[in-house]
């Protein structure tokens with residue numbers, strides 16, 4: 429039997445559906461707010477207007493003690509803030525009790541990347557079967573244009589301009605951007621388009637299709653890339669975002685242009701892109717340590 433707390437959560441999720449938020453995002457909101465509802469019921473709270481900042485702090489402290497990671501707590505707080513913004517708009521809450529509540533700081537984890545030589549070895553896959561030709565084009569395009577997995581699998585044939593070397597993709601928030609496609613990726617795409625008809629159905633619009641036609645699924649891409657990583661002798665696990673991280677790191681390393689990398693990646697905020705400056709600095713620091721006469725350790729020094 430539902431209660432007033434649950435009813436408002438359900439209405440909020442319906443509101444998110446109307447705003448065209450993805451099922452994954454809506455599921456996260458529902459799970460986060462369901463956890464908060466359980467906490468509130470145990471506190472004897474029967475409506476959302478009765479929740480104050482102390483309740484939210486106690487809730488966050490409890491989740492932290494239960495082992496929830498700082499990044500997950502940040503998302504949890506974002507869910508609560510968004511929910512209360514909705515309640516305020518509906519006249520069901522006068523204040524947002526999550527405002528001013530901070531999550532514990534998460535340690536910055538640098539993204540995995542491959543260096544240029546490792547990437548070149550990974551991309552040298554052999555074979556002319558349609559699925560191999562497709563996989564080669566998938567990997568070349570991921571690395572060439574720094575695409576997210578969701579962007580890659582949603583590309584339609586009409587989104588690719590081979591003559592100009594451009595692809596139009598739809599990123600987060602349904603924002604579209606046009607990104608360049610490199611020479612090797614164009615060659616791989618042309619090879620794939622010559623073989624695509626062997627897998628695609630006549631009405632398939634997506635660029636990359638599965639073995640029985642229809643759009644290529646995220647899971648298929650992930651498993652195929654993982655398999656190619658093992659086959660090509662890459663030591664670390666190969667996954668779709670590895671290509672995006674490597675693309676960003678290599679472009680920034682060569683150009684030093686953070687704003688350009690931000691645009692190419694489709695980041696709304698440049699602070700998201702700045703993680704790659706840390707990678708670039710690590711590379712420079714290693715080069716310095718190896719090359720500078722005052723930085724090198726003396727032989728035999730403990």
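Residue numbers (the numbering used here): 429 to 730. Yeah, the Cβ is synthetic: ideal placement off N, Cα and C, and Gly gets one too. All figures in this text were calculated on a predicted structure; none of them were measured in a lab.
Discussion item. Short of 7 Å in beta carbon distance, which residues of its chain neighbour residue 603, apart from the five on each side in sequence? Order them along the chain.
Written reply: 694
Worksheet entry | Limits of the unbroken alpha helix (DSSP H) element including residue 504 | 498-517
Worksheet item: What's the gap between the Cα of residue 562 and the Cα of residue 605?
Response: 23 Å
Discussion item. Looking at chain D, is there any beta carbon in it that lies within less than 7 Å of the beta carbon of residue 541?
Written reply: No chain D appears in the structure shown, which is made up of a single protein chain.
Item to complete: Would you mind sorting residue 613 into buried or exposed? The rule is 16 or more other CB atoms within 10 Å of its CB.
Response: buried
Worksheet entry | residue 465 (DSSP reduced to helix, strand or coil) | helix
Discussion item. For residue 455, count the other beta carbons within 10 Å of its own beta carbon; 16 or more makes it buried, fewer makes it exposed. Which is it?
Written reply: exposed
Worksheet item: Is it right to say residue 489 is buried, meaning 16 or more other beta carbons lie within 10 angstroms of its own, or is it exposed?
Response: exposed
Fill in: Same chain, Cβ closer than 7 Å to residue 484, neighbours up to 5 away in sequence not counted
508, 525, 526 and 529
Worksheet item: How would you call residue 673, buried or exposed, if buried means at least 16 neighbouring beta carbons within 10 angstroms?
Response: buried
Worksheet item: Looking at residue 581 and residue 643, is the spacing between their C-beta atoms short of 7 Å?
Response: yes
Item to complete: Return the CA-CA distance between residue 475 and residue 549, expressed in angstroms with no decimal places.
Response: 59 Å
Fill in: Cβ pair residue 469, residue 437 closer than 7 Å
no
Practice prompt. Spatial neighbours of residue 481 within its chain, please: CB distance less than 6 Å, with the 5 preceding and 5 following residues excluded, ordered by chain position.
Written response: 525
Discussion item. Give me the residue from 506, 680, 467 and 502 with the minimum Cα distance to residue 487.
Written reply: 467
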